[in-house]
Amino acid sequence: MTATDDKTVVREYFNATGFDRWQRIYGDGEVNKVQLDIRKGHQRTVDTLMGWLEADGNLAGLTCCDAGCGVGSLSIPLAQAGAQVYASDISAKMVEEARQRAEVALEGKNLPTFEVKDLEELAGRYHTVICLDVLIHYPQDKVQAMISHLSSLAESRLIMSFAPKTVFYSALKKVGEFFPGPSKATRAYLHREADIIKALEADGWHIERRAMTKTQFYFSRLVEAVREPSAS
Numbered sequence: 005m006t007a008t009d010d011k012t013v014v015r016e017y018f019n020a021t022g023f024d025r026w027q028r029i030y031g032d033g034e035v036n037k038v039q040l041d042i043r044k045g046h047q048r049t050v051d052t053l054m055g056w057l058e059a060d061g062n063l064a065g066l067t068c069c070d071a072g073c074g075v076g077s078l079s080i081p082l083a084q085a086g087a088q089v090y091a092s093d094i095s096a097k098m099v100e101e102a103r104q105r106a107e108v109a110l111e112g113k114n115l116p117t118f119e120v121k122d123l124e125e126l127a128g129r130y131h132t133v134i135c136l137d138v139l140i141h142y143p144q145d146k147v148q149a150m151i152s153h154l155s156s157l158a159e160s161r162l163i164m165s166f167a168p169k170t171v172f173y174s175a176l177k178k179v180g181e182f183f184p185g186p187s188k189a190t191r192a193y194l195h196r197e198a199d200i201i202k203a204l205e206a207d208g209w210h211i212e213r214r215a216m217t218k219t220q221f222y223f224s225r226l227v228e229a230v231r232e233p234s235a236s
């Protein structure tokens with residue numbers, strides 16, 4: 005399957021059955037045991053990231069790009085903390101849901117700018133670019149180019165999360181322990197942490213902070229990359 009085909013599958017999935025599924029997972033309504041576990045795992049990743057940013061003490065007014073914003077799980081707390089947020093997603097239904105949630109949560113104040121765009125279409129310059137739980141939709145041979153593109157948008161910091169490829173997680177994925185079947189989800193790509201770090205370093209970043217979130221059905225490595233002091 006080509007990268008274009010993957011992208012088309014992702015767009016169609018998250019504008020149809022995937023939207024209904026993930027809207028429930030990232031909401032606060034009743035869900036099944038697996039969905040609840042994924043909800044808690046994703047929220048732990050968001051909480052860890054927000055903890056990093058708030059500890060730095062300069063989030064208010066910071067320009068942040070939430071690349072692959074989903075239903076706004078990160079965009080909204082960023083805006084609540086005072087950041088100037090640009091948020092995008094490949095799915096129009098996800099973006100509309102995020103916009104509606106932001107209107108309610110923020111009461112019309114400091115609303116993020118939401119747009120329907122895939123990662124390749126993103127443009128502009130931001131202090132911090134964040135891409136959470138999106139690389140799982142991209143095959144390894146496309147990740148270097150994707151990281152380079154996101155790097156071109158980031159002035160000072162690039163933060164991303166991905167499902168790490170290890171023997172253990174690969175085995176679990178293969179037998180369907182961590183991912184729903186083909187009828188319920190898109191392809192799920194695991195990535196070797198060493199490959200992600202190598203790609204980041206090739207674009208002039210060095211790793212500042214790392215974290216790992218592991219639940220029964222959710223696993224995600226979070227990395228924060230900052231510019232080398234000598235980089236422009």
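Numbering (this note's numbering), first residue to last: 5 to 236.
Glycine included, each C-beta is placed from N, C-alpha and C at the ideal position.
These numbers were taken from a predicted model, which means no experiment stands behind them.
Rounded to the nearest whole angstrom, the C-alpha separation of Pro143 and Ile200 is 12 angstroms. With a cutoff of 8 angstroms on beta-carbon distance, Leu66 and His131 are scored as near each other. The residues Ala106, in chain order, have a CB closer than 6 angstroms to that of Leu115 in the same chain once the five nearest residues on each side in sequence are set aside. In the structure shown, Val75 adopts coil according to DSSP, grouped into three states. Across the structure, Ile140 and Phe166 are spaced so that their CA atoms are roughly 6 angstroms apart.
In this structure, the straight-line span from the alpha carbon of Arg231 to that of Glu212 is close to 9 angstroms. DSSP, reduced to helix, strand and coil, places Val38 within a helical segment of the structure shown.
Shortest Cα-Cα distance from Gly72 to any of Val89, Arg28, Glu197 involves Val89.
Note on geometry: alpha-carbon atoms of Val13 and Tyr193 lie some 14 angstroms from one another. Contact between the stretch 217-226 and the stretch 45-52 is present: 3 or more CB-CB pairs across the two stretches fall below 8 angstroms. Lys121: not part of any alpha helix (DSSP H); DSSP gives it neither H nor E. Remark: C-beta atoms of Leu110 and Val133 do not approach each other more closely than 8 angstroms. Closest option to Ala87, judged by alpha-carbon separation, among Met216, Arg25, Leu78: Leu78. Under the DSSP assignment, Lys202 falls in the alpha helix (DSSP H) whose first and last residues are 197-206.
Distance check between Ala91 and each of Gly61, Arg15, Glu205, Ala127 places Ala127 closest, using alpha-carbon atoms only. Selection Gln27, Asp207, Glu197, Lys218 evaluated against Arg103 yields Gln27 as nearest (Cα-Cα).
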